[in-house]
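Asker: In my numbering, the protein residues as written are -7 to 263.
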């Protein structure tokens, strides 16, 4: 295993830098992250394809992680229903220590090898589901235990890690390794590693949802119209797709409550 996330920062005497120097140097480090993600695209592609295959059969995506990694999984999962209009249980994020750990660190929760599967088992995992472990270090016991148990039951497994040749990448059937190198603050994997994980999770969930037909053209036609901004966006989407005047687009959206259905109703002249 090559542990780059724990190596000394490329910068010394951070406490002596000016604010401008700090911001510039952090930004310079952040610029390297998309390039690291680019190198992992073939791995991400394989993971997305197996996720799509499973979800077309009724499966779900489960993210499991601890600390920052767990929170990022929960974030990605929680944004799928409002963005794509999918049920809340299509993509599920689980964190070591439970919901309490979303806001406050739960000491030693990540060290329990058995807890992840206990958390997963509450959802009655099936062979169509996919379990994706998220861990910058690639060594988190909570994630290792969950993936090992999933493998033993024939469940597809993947991971997003930021060290090369890690135990988690060895266990996962579809590993994604994004090697970002040393953090600006030594060992602070909420920085480049966290950014890399967020980018990869965006890529996974967005690609999966598009493959499942939750986007039309380049529009979120199934998004939840949960505030005035999104209603306005929905009206503009209906207008752009159909050429309808604003009044008619608004009427259709109010009637059907969904951009996709409003567009379909326009073409069927159901107004």
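Backbone N, C-alpha and C define an ideal beta-carbon position, used for all residues, glycine too.
These numbers were taken from a predicted model, which means no experiment stands behind them.
Return the Cβ separation of residue 126 and residue 55 in integer angstroms, given the expectation that the two are a contact with Cβ distance under 8 Å.
Answerer: With 8 Å as the limit, residue 126 and residue 55 qualify as a contact, their Cβ atoms being about 6 Å apart.
Asker: Less than 8 Å between the beta carbons of residue 38 and residue 53, yes or no?
Answerer: For residue 38 and residue 53, no; Cβs fall outside 8 Å.
Asker: What residue range does the beta strand (DSSP E) around residue 151 cover?
Answerer: That run of the beta strand (DSSP E) goes 148 to 153.
Asker: DSSP three-state call for residue 169: helix, strand or coil?
Answerer: DSSP places residue 169 in strand when its eight states are reduced to three.
Asker: Taking residue 83 as part of the beta strand (DSSP E), name the residues at either end of that continuous run.
Answerer: Start and end: 83 to 87.
Asker: Output the distance between the C-alpha atoms of residue 222 and residue 216, rounded to the nearest integer angstrom.
Answerer: Computed Cα separation, rounded: 8 Å.
Asker: Is the beta carbon of residue 156 closer than 8 Å to that of residue 171?
Answerer: Closer than 8 Å, so yes.
Asker: Can you tell me where the alpha helix (DSSP H) holding residue 127 begins and where it ends?
Answerer: Where residue 127 is concerned, there is no enclosing alpha helix (DSSP H), although the beta strand (DSSP E) it sits in stretches over 122 to 127.
Asker: Unbroken beta strand (DSSP E) runs of length 3 or more, entirely within the region -5 to 70: which are they?
Answerer: With a minimum length of 3 residues, the continuous beta strand (DSSP E) runs that stay inside the region -5 to 70 are 53 to 57.
Asker: Assign residue 34 to one of two classes, buried (16 or more other C-beta atoms within 10 Å of its C-beta) or exposed (fewer than that).
Answerer: Label assigned to residue 34: exposed.
Asker: Please name the residue in 163, 219, 230 whose C-alpha comes closest to that of residue 143.
Answerer: Cα-wise, what sits closest to residue 143 is 163.
Asker: Is DSSP giving residue 226 helix, strand or coil here?
Answerer: If DSSP states are grouped into helix, strand and coil, residue 226 belongs with the helices.
Asker: What is the DSSP secondary structure of residue 247, reduced to helix, strand or coil?
Answerer: Helix at residue 247.
Asker: Per DSSP, residue 211 is paired with what?
Answerer: Note: residue 211 sits in a beta bridge opposite 208.
Asker: Pull up the CB-CB distance for residue 240 and residue 259, whole angstroms please, since I reckon it's below 8 Å.
Answerer: Not quite, the Cβ-Cβ distance comes to about 13 Å (not below 8 Å), so this is no contact.
Asker: Buried or exposed: residue 218, going by 16 or more other Cβ atoms within 10 Å of its Cβ?
Answerer: Exposed is the call here.
Asker: Ends of the alpha helix (DSSP H) at residue 194?
Answerer: 184 to 203 is the span of the alpha helix (DSSP H), which, as asked, contains residue 194.
Asker: Tell me the DSSP secondary structure of residue 137 in three-state form.
Answerer: The answer is helix: DSSP assigns residue 137 an H, G or I state.
Asker: Is it buried or exposed for residue 209, if we count other Cβ within 10 angstroms and need 16 for buried?
Answerer: Classification of residue 209: exposed, given that the 10 Å Cβ count is below 16.
Asker: Which whole-angstrom value is the C-beta distance of residue 148 and residue 166, which I expect to be below 8 Å?
Answerer: Yes, they are in contact, since the Cβ atoms of residue 148 and residue 166 sit about 7 Å apart, within 8 Å.
Asker: Sort 175, 203, 65, 198 by Cα distance to residue 24 and report the nearest one.
Answerer: That would be 175, whose Cα lies nearest to the Cα of residue 24.
Asker: Considering only the alpha carbon of each residue, which of 74, 2, 138 lies closest to residue 226?
Answerer: Cα-wise, what sits closest to residue 226 is 74.
Asker: With burial defined as no fewer than 16 other Cβ atoms inside 10 Å of the residue's Cβ, what is the status of residue 103: buried or exposed?
Answerer: By the 10 Å Cβ count, residue 103 comes out exposed.
Asker: Just reading off the alpha helix (DSSP H) that residue 92 is part of, what are its end residues?
Answerer: Note, residue 92: alpha helix (DSSP H), 92 to 95.
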